[in-house]
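These protein sequence lines map, in sequence, to chains A and B.
Residue numbering for the first sequence follows our numbering, starting at 389 and increasing by one per position.
Residue numbering for the second sequence follows our numbering, starting at 3 and increasing by one per position.
Idealized CB from N, CA, C, for every residue including glycine.
Following: one structure in structure tokens, then a few remarks.
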Amino acid sequence: MLALPLAWSALKTRPARTFFSIFGIALGVATAIAILTLDDSTVANKVERKTETFAKVDLEVRPADPAMPAPEAFSKIKNTPGVENVGTFLFTSVQMRTAAGERGFPGLVALDVVARTSPAFDAYRIAKGEDLPDVENPTAPACLLGAELAEQMKLVENDKIMLTAPRVAVGNEKMCVDGEWVEASKAAPRREQDMPPPLEFKIDGILDRYHLGKQSGGSIIIIPFSTLPQVFGERYGSPMFWISKSPKVTSEELKTALTPTFAYNVDRTALIGESADERAFRNGVRVSGVLALLLGLFVIFHTLSMSLIERVREIAILNSIGATRGQIGMAFFVEAIMIATVGAGLGIGLGLGLARVFLLAGFTTLGRVGSVQAFSVHWPPIIAIASTGLAIAMAGSIFPLWKARSIFPARVLAQRDLGRPADLFRGMNFFIFTILAVVLPILYFFTVPILGEQSRETARVMVLGGMLFLFFLAFLLLAPKALAWVCSKISKPFERLMPLEGFLSARAMVEGIPRVATSAAVLALVGAALITIKGITATLRADVASLGETITTKVFVGTEDPIPRSRVEEISKIPGVVGFEQLGAEINSPFLIYGLNSHDAGQIGLFKDPARLKKFEEAESLILSTPLARSLKIEIGQVVPVAVPSGPPARMRVMGISDDFGFFPPRREYAIVSSRWMKQFYCFSQDQTTKLAVRVADGVDPIAVATQIQASLADFPKLTLKTGISYRDYELEDIDRDFRLFDLILLLVATLAGVGVLNALLLAAYERRKEIGVMKAIGMTRRQLAGTVLVEAATTGLVGGAFGLLLGLAFLFLVTDALSRLTGLPLRTIIEPLWLGTAFAGAVALAVVAAGFPILRANRFNAAEAVRYE
Amino acid sequence: MGPSGSGKTTLLQLLSGLDTPSAGRVEVAGQSISELGERERTILRREKIGFVFQFFNLLPTLSVEENVELPLRIAGRSLKDGRTEVERLLHQFNLVDRRDHLPSQLSGGEMQRTSLCRALISGAPLLLCDEPTGNLSTKAGEEVMRALRHCREKEKRTILLVTHNVRDASFADRVLLLKDGQLVPDAELIGPGLSAASIHETLERHGI
Ligand SMILES: Nc1ncnc2c1ncn2[C@@H]1O[C@H](COP(=O)(O)OP(=O)(O)O)[C@@H](O)[C@H]1O
Ligand SMILES: [Mg+2]
């Protein structure tokens, strides 16, 4: 076995090259894996919290019109595009009696067969006994019991219990009808004789303490939905529907398709991280993952190919003493496998470690939070990423070998100059381009798919971004003449300043243009990533800042107890106060709606116009906030049904879209109606308001007013006061905090790029070892040698920086445009010269710093050795 | 002269400051090299010594003319001022129509003549030549030796030549023998006008 010792000695005799290659691939694989694991853990953590005492429900909806019959509602949902599974669900309480005569009042969950059995909902698990039969209409009534209830009542599977509807005192139930509370019995009389007699249920199984099994503290009974009428009669109330979303649609598209016929429960959704802004953020993280992997693999790919060229002579010698091409190829292949396996292995470990540290430090793919303990590791994609790394490493060693098949040992050995077969390079960049820019991203996004990939916006941005990326890389990697021309133009000034260094590095760059191209491409990508990410941050900040304009004159007051009207009027008399908004909320109808007394709010915006003001008060009309209007795709003049508890939905006409009124942090998707309709539909009086937004006159200090409000409401427990300015500042900080994850990723990516450039320069130095020795022998000083390498690095940095600027700006416009379409925020791209400068200077600085180690190495080359032998 | 491995190349490298002796002193042009720092040695080499290698050691990416100019660039001298000297040398060594060729396009003799021009361009008084004809055909070797003689006679340079070729050695004013890293005592031949036969006889006598 010739291959192993040869490979081993090659690795051992070039420790720096070995180290940096392993480091490169390890860091690239690690970053990609860290990002993946971070995202998995983030989502798992949140879903687990949300579904702790519930099922994993993507969306829970009910008809906006309570009169809609359940079967009709069911089939409407079923036929909505993007709905994969629908389950019927009702949660109530029931009266139970055991055979021993013991009575209880546990929670009751009725589930149809889909809700019970679909793994998408993962509603419960059985601890003992059996599950309910998988049929819609079981022959005999059967049920499942929560563990706590079973213990408490000393029940086991196959025991029998009696269930009956709770005989509540009917007169206690009240209902809102036209703004008045009326006794439910009067609204809809319910007679004792409507109630069916108690029904006997057999206990099929006991629930595990998991999801629904934890509901009501485990004091819970699950029955098939079809037995509900036998217990409660026909008037058991309107069911809810569980929906599991098809991956083909985004959660926004699904919500939009269901609204306004259905209202969804915002608190019951396992669609964590799937709203547009969350998705955009997570996709951003994923795209940076491919960038890191790309750079990491570039390092090893480049190293392996270059080292082969550097060792052409070695191959020739081996060949001349009888080693077959197969044997030589094997040696290089084994070497590549050794580097790549160690690198990928370390990468997995490092990646998981990084993810863990990030999570513990509170960096998640849904923004910065407190420390996250959850750690969810999905091995298949991790293995896939590591294997991609391995495969590309193999390709990196095979390609040059294939190229080298045409080398004749005699030619190499007989060469009397310091010749090196530069034509080996030909075609290599095309290969690198194909592998890294086309094959790798495809493999990566196959493993780590972009979220909501079916949405047009995401697809558009990916396609356009991908095209930009390809075009740019193609120019750098596939047009050596053009790039050489650019480099020679850039190095001209250097040549004037330092004639020798400029001259030599210009020659070296023309000779090694593929090396310069790849290094510049790497630097450009990092610069572009920096510009894009900082640009997005600035753009989002600008959006918050623009929101700030409408709220900087406001003070937001929150209390636990309602603030009576008389106290609100006291506040309105504080000097500087020009208006106030008492906000009452009804969340589920089907979106957040506040009631507003328009006369209190001050003559601002839409209310400057008396006709509009009149319309708002007298017609059944709504004002939507801009983000709500955008996300529901509702326009002015459209009629929106709003669920009303006592009867058919109210038909409200959208009279305006504005953020001037009704905003109360942090929710930006809301609608406002006149307080009159709040009273009429929900019997909601403004006196019950716990949210108050106070507007102060321009030029009045909101903090001073806030202080006076605080004094005035001193007797309210849990009083919170927040000025619009402080809210805006908090939001701005929040954006910065969330985007710190990107700073970390950028740091990793920049390190990788640095290693890439370092490796390229180092290999180039090794390759020119002999020339460097000769030049030392004829009088070149260390400083001149250092200068030569530095000029090349700086030129590479300048080219990379310039391309980074162009690419970064293009990406930025593309991404912010897509973001504004996705999130419904009217984003305007902000370009901060500071970051453009940083990206450019950073690329140059990175290249120059990366030159440090190769310079040290080259200066240690032994000139006496170099000139001695051929 | 001396057998392979006797220390000829090592001696040249010590003299040029590329290598440092573990014992003893090296003096070149009245300066003790051993006491100089790396930078000073480099400068000394640049100014006082021209090197001609057995394997030419031309830079493959530079043309003949650029290879010849390289020491001027390294010394930070203006190429304009050195222009006439470059032209003169290219003429002298019959390389004018080869000036734009890359080393890989040259014959061995041409490469070594280019290498000689490179050694001469800085005006260094001392030329160290390590088997300059060792890798050349007889004819090409003769061309190079003619060039070297010209350097000695017309340019008044001191040449220290390592060679295996008795005919080459007969041009010398002094012939010294090296064996196992030591000068062979009593083997020094003083010219001018040494005959190849007498050199040959001396080598035989000392078992070389
Ligand atoms: N004076 C010396 N002292 C110690 N080692 C020497 C001496 N001269 C030569 N050597 C060693 O002998 C080896 C061959 O020397 P080299 O100069 O290449 O020989 P040549 O050029 O005559 O063929 C070198 O490794 C060198 O270190
Ligand atoms: Mg020798």
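Contacts of residue i in chain A (Cβ-Cβ under 9 Å)
i, result
"Q33/B", "Going along chain A, no residue has its Cβ under 9 Å from Q33/B, so there is no contact; the nearest lies around 15 Å."
"L128/B", "Residues of chain A passing the Cβ test: none, with the nearest at roughly 13 Å."
Three-state secondary structure (DSSP) of residue i
i, result
"C875/A", "helix"
"A515/A", "strand"
"M1168/A", "coil"
"T1078/A", "coil"
"A31/B", "coil"
"Y598/A", "coil"
"E87/B", "helix"
"C119/B", "helix"
"P1029/A", "strand"
"F746/A", "helix"
"T480/A", "strand"
"P612/A", "strand"
"C153/B", "helix"
"P584/A", "coil"
"L185/B", "strand"
"T649/A", "coil"
"L1197/A", "helix"
"E948/A", "coil"
"N473/A", "strand"
"E524/A", "coil"
Proximity test, Cβ basis, 7 Å: residue i and chain A
i, result
"R47/B", "yes"
"T63/B", "yes"
"R41/B", "yes"
"P134/B", "no"
"P5/B", "no"
"T140/B", "no"
"T44/B", "yes"
"R115/B", "no"
CB contact check: residue i to chain B, cutoff 7 Å
i, result
"V884/A", "According to the sequence shown, residue 884/A is Arg rather than Val. Not an interface residue."
"A872/A", "no"
"L1244/A", "no"
"V904/A", "no"
"E899/A", "yes"
"E841/A", "Bear in mind that the predicted position of E841/A carries a pLDDT of just 46, short of 50, making it unreliable; the figure below should be weighed with that in mind. It does not; no Cβ of chain B falls within 7 Å."
"L806/A", "The predicted model places L806/A with a pLDDT of 39, which falls under 50 and marks its position as unreliable; any figure quoted below should be read in that light. Cβ-Cβ to chain B under 7 Å: yes for L806/A."
"R1248/A", "no"
"R895/A", "yes"
Contacts that residue i makes with chain B (C-beta to C-beta distance below 7 Å)
i, result
"A1252/A", "Q15, L20 and D21"
"V1255/A", "F55 and N59"
"Q1172/A", "I76"
Chain-ordered neighbours of residue i on chain A, where CB pairs are closer than 8 Å
i, result
"I161/B", "Correct list: empty, because the minimum Cβ distance to chain A is about 17 Å."
"A77/B", "G1167"
"P187/B", "Those do not exist, as P187/B stays about 27 Å from chain A at its closest Cβ, beyond 8 Å."
"R120/B", "I1166"
"L72/B", "M1163 and I1166"
Chain A contact residues for residue i, given Cβ-Cβ distances below 7 Å
i, result
"T11/B", "R1256"
Beta-carbon neighbours of residue i, restricted to chain B and to distances below 8 Å
i, result
"L888/A", "R75, I76 and G78"
"F891/A", "R75"
Under 9 Å by beta carbon: chain B residues contacting residue i
i, result
"E702/A", "Those within 9 Å of E702/A in chain B number zero; the least Cβ separation is about 18 Å."
"E1155/A", "By Cβ distance, chain B contributes nothing, its closest Cβ being about 11 Å from E1155/A, past 9 Å."
"E1159/A", "N59, L61, P62 and T63"
Return the chain-ordered ranges of every beta strand (DSSP E) run that is complete within the stretch 870-928 of chain A and spans a minimum of 3 residues.
-> none
Can you list, in chain order, the stretches of the alpha helix (DSSP H) that have 4 or more residues and sit fully within the stretch 989-1020 of chain A?
-> 998-1006 and 1014-1020
Let me know the beta strand (DSSP E) ranges lying completely inside the stretch 49-83 of chain B, each 3 residues or longer, listed in chain order.
-> 51-54
Of all residues in the structure, which have a C-beta closer than 6 Å to any heavy atom of ligand 1, taken in chain order?
-> G4/B, S6/B, G7/B, S8/B, G9/B, K10/B, T11/B, T12/B and G183/B
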